[in-house]
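Peer 1: This is the structure I want to talk about, given as structure tokens.
2 protein chains.
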Amino acid sequence: MHTVEEPFCAAAAAIEILQQKWVLHIVRILLDGPRGFNELGRLTGGCNPATLAQRLEHLESLGIVRKTVHSYMPPRTTYELTAAGVALQDVVAAIEAWGKRYLRPAGGAGEVVCTQGEAPAPGRTG
Amino acid sequence: MHTVEEPFCAAAAAIEILQQKWVLHIVRILLDGPRGFNELGRLTGGCNPATLAQRLEHLESLGIVRKTVHSYMPPRTTYELTAAGVALQDVVAAIEAWGKRYLRPAGGAGEVVCTQGEAPAPGRTG
DNA sequence: CCATGCGCTTGACATTTTATAGCGGTTTGC
DNA sequence: GCAAACCGCTATAAAATGTCAAGCGCATGG
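If you read the sequences in order, they're chains A and B. Going by the numbering used here, 116 is the number at position 116 of the first sequence; the sequence numbering is gapless. Adding 126 to a residue's 1-based position in the second sequence gives its number in the numbering used here.
See below:
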């Protein structure tokens, strides 16, 4: 679609994959162990089957997720991370660390970053 | 929309913010220094003004980005990261490291993860 | 037996992102 | 001086994407 100026930016390329809706959630859940399709959908926080199937297929084609069919009937499948997928733990860990440090439980109107140590300014919105 | 089972998952909350389209790109660019609106749009790889404005406003309300209007006329505004925003460098760095390690320049049919170095398994990535 | 759950697809719908044009004005080029 | 380009940013419609609800074929639990 674009990306014509830079030869290859690893960060930008990785971001393109990870910023897709639900991807980071999927990885995060899978980091905890193999999961089934519906189980994964629930654990991600409610990813619908259509999107989940597409994300999973994409991640599988990328070699980040591995799909294992244990039996067609009754249907029993598990998704797990490959080595490349497990390596994303560093990313998820960094995100979680950031969240723990700068995000507060959110009262309801969206998350708010706590600018502790920052914002010497008098204004609000911190 | 959801999140009813867990009291507060920092990782999930942070992911909700970061997985929005262009957010990670914006942060990545801003990590390199303050930028103007249109400049930012170009550097992100072509984020359109409508989305960019919305993302910027959201990030600002979150306290991740700080907007500074130097002059209304001629219009001169700069966006830069707050301390919370700069802290995302760890996340971007982790993403970039992962990308460098597991992503290859992509021939054209989408990026492909290279499972080299890892995967002590006998078969191929499957 | 009937309801439920499994993995996953389909189709209609809602939300999000995109492209394009434009505002008011200053700067640049000729 | 005038036309064009650019600044930050908004409006609009169209396209892309994500969501919901239902369901297939079958095994299990009440």
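Just so it is clear, CB atoms sit at the ideal spot from N, CA and C, and this is done for glycine as well.
#1: Looking only at DSSP bridge pairs, what is residue 102 of chain A linked to?
#2: So what's residue 177 of chain B in DSSP terms, helix, strand or just coil?
#3: Report, in whole angstroms, the separation of the C-beta atoms of residue 225 of chain B and residue 208 of chain B, which I expect to be a contact under 8 Å.
#4: For the segment 165-179 of chain B, list every residue whose C-beta sits within 8 Å of some C-beta in chain A, in sequence order.
#5: Please list, in chain order, all residues of the same chain as residue 213 of chain B whose beta carbon is under 7 Å from its beta carbon, the five residues on each side excluded.
#6: Taking the beta carbon of residue 142 of chain B as the centre, do at least 16 other beta carbons fall within 10 Å, making it buried, or is it exposed?
#7: Look at residue 36 of chain A and residue 68 of chain A and say whether their C-beta atoms are less than 8 Å apart.
#8: Straight-line CA distance for residue 56 of chain A to residue 196 of chain B?
#9: Verify whether the separation of the beta carbon atoms of residue 65 of chain A and residue 30 of chain A is less than 8 Å.
#10: Could you tell me which chain B residues have their CB closer than 7 Å to the CB of residue 95 of chain A, listed as they occur along the chain?
#11: Determine the extent of the alpha helix (DSSP H) in which residue 81 of chain A is found, giving its start and end residues.
#12: Return the residues of the segment 24-40 of chain A that lie within a Cβ-Cβ distance of less than 8 Å from chain B, sorted by chain order.
#13: Please list the partners that residue 292 of chain B has in chain A, where partner means a Cβ-to-Cβ separation under 7 Å.
#14: Shorter than 8 Å from the beta carbon of residue 56 of chain A to some beta carbon of chain B?
#15: Run through the segment 7-67 of chain A for me and flag every whole alpha helix (DSSP H) of 4 or more residues, listed as ranges in chain order.
#16: Kindly indicate which residue of B:140, B:166 and B:180 has the alpha-carbon position closest to the one of residue 91 of chain A.
#17: Whose C-beta lies closer than 8 Å to the C-beta of residue 5 of chain A among residues of the same chain, with five residues either side of it excluded?
#18: Count the other CB atoms, across all protein chains shown, that sit within 10 Å of the CB of residue 102 of chain A; report buried if there are 16 or more and exposed otherwise.
#19: Taking only beta-carbon atoms, is residue 251 of chain B less than 8 Å away from chain A?
#20: For residue 214 of chain B, decide whether its Cβ has a neighbour in chain A, counting only Cβ atoms nearer than 8 Å.
Peer 2: Here's the rundown:
#1: Within the first sequence, residue 102 of chain A is the residue found at index 102, counting from 1. Paired residue(s): none; residue 102 of chain A is not in a bridge.
#2: Here residue 177 of chain B corresponds to residue number 51 of the second sequence, with the count starting at 1. In this structure, residue 177 of chain B counts as helix in the three-state DSSP scheme.
#3: What you label residue 225 of chain B is simply residue 99 of the second sequence in a count that begins at 1. What you label residue 208 of chain B is simply residue 82 of the second sequence in a count that begins at 1. Actually they do not touch by this definition, with Cβ atoms about 25 Å apart.
#4: 171 and 172
#5: As a working mapping, residue 213 of chain B is identified with position 87 in the second sequence. No residues qualify anywhere along the chain.
#6: On the second sequence, position 16 is the one that residue 142 of chain B refers to. It is buried - the Cβ of residue 142 of chain B has at least 16 other Cβ atoms within 10 Å.
#7: The residue labelled residue 36 of chain A in the question sits at position 36 within the first sequence. The residue labelled residue 68 of chain A in the question sits at position 68 within the first sequence. It is not a contact, given that the beta carbons lie outside the stated cut-off.
#8: In the first sequence, counting from the first residue as 1, residue 56 of chain A sits at position 56. In the second sequence, counting from the first residue as 1, residue 196 of chain B sits at position 70. Looking at the two C-alpha atoms, the distance is approximately 46 Å.
#9: Numbered from 1 along the first sequence, position 65 holds the residue referred to as residue 65 of chain A. Numbered from 1 along the first sequence, position 30 holds the residue referred to as residue 30 of chain A. Yes; because the gap between Cβ atoms is below 8 Å, this pair is in contact.
#10: To locate residue 95 of chain A, count along the first sequence from 1; it is residue 95. Neighbours of residue 95 of chain A on chain B, chain order: 137, 140, 141, 144 and 217.
#11: As a first step, residue 81 of chain A must be located in the first sequence, where it is residue number 81. First-last for residue 81 of chain A: 76-81, but that is the beta strand (DSSP E), not the alpha helix (DSSP H).
#12: Close to chain B, meaning a Cβ-Cβ distance shorter than 8 Å, are the following residues of the segment 24-40 of chain A: 24, 25 and 28.
#13: Because chain B spans 127 through 252 in this model, residue 292 of chain B falls outside it and cannot be assessed.
#14: Position 56 of the first sequence holds residue 56 of chain A. No, because no Cβ of chain B sits closer than 8 Å to the Cβ of residue 56 of chain A.
#15: 10-18, 23-30, 37-43 and 49-62
#16: As a working note, residue 91 of chain A is residue 91 in the first sequence. With distances taken between CA atoms, residue 91 of chain A lies nearest to B:140 out of B:140, B:166 and B:180.
#17: Numbered from 1 along the first sequence, position 5 holds the residue referred to as residue 5 of chain A. Note that residue 5 of chain A scores a pLDDT of 41, beneath 50, so its modelled location is shaky; the value from the coordinates is reported in the next line. The answer is none, since no qualifying residue turns up.
#18: Walking along the first sequence from the start, residue 102 of chain A turns up at place 102. The residue is buried, with at least 16 neighbouring Cβ atoms inside 10 Å.
#19: Taking the second sequence and counting its residues from 1, the one referred to as residue 251 of chain B is at position 125. Confidence at residue 251 of chain B is low in this model, with a pLDDT of 36, below 50, so the placement of that residue should be treated as unreliable; the coordinate-derived value is given next. Taking Cβ atoms only, chain A reaches closer than 8 Å to residue 251 of chain B, which makes this a yes.
#20: Residue 214 of chain B sits at position 88 when you count from the first residue of the second sequence. Closer than 8 Å: yes.
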